[in-house]
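In what follows, a single structure is set out as structure tokens and then discussed.
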Amino acid sequence: KSGRLHLQVANYTYTCYKADQQINIRIIANGWLHKGALVCPPCHELCQEQFAAVGDRCKPDVTLPSTFLYHNDRLVCGSAHRPSISIAVVALLLVFFSGVT
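Numbered per the UniProt record's numbering, the sequence shown spans residues 1 to 101.
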């Protein structure tokens, strides 16, 4: 597609821009954070025949700017992530127990 190899992992697409490019990934799936890296193969090894069949070809390798970002999920600990739920539960308990006496 458009002269580049596109790798799909867990419904996210990662585009390869050069051979041996390492793409670090962090994806939360089923409540777990999965970390790893994809290493891009040379485009011509995997895609050249398919591209040629539709009149396209592999684009030359390019180095991405350091500001280029791929999708990355972040793991947030539950105790730090939901303080409002704890406060709401404590408030309800106080209201309940204050009316029981």
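Cβ coordinates follow ideal geometry from the N, Cα and C atoms, glycine included.
- Here Q48 carries a helix assignment [DSSP, helix/strand/coil].
- Here C77 is exposed: its Cβ has fewer than 16 other Cβ atoms, across all protein chains shown, within 10 Å.
- A distance of 8 Å or more separates the beta carbons of C40 and Q48.
- By the neighbour-count criterion, in which 16 or more other beta carbons inside 10 Å mark a residue as buried, Q22 falls on the exposed side.
- Counting only the Cα atoms, Y17 lies some 9 Å from P42.
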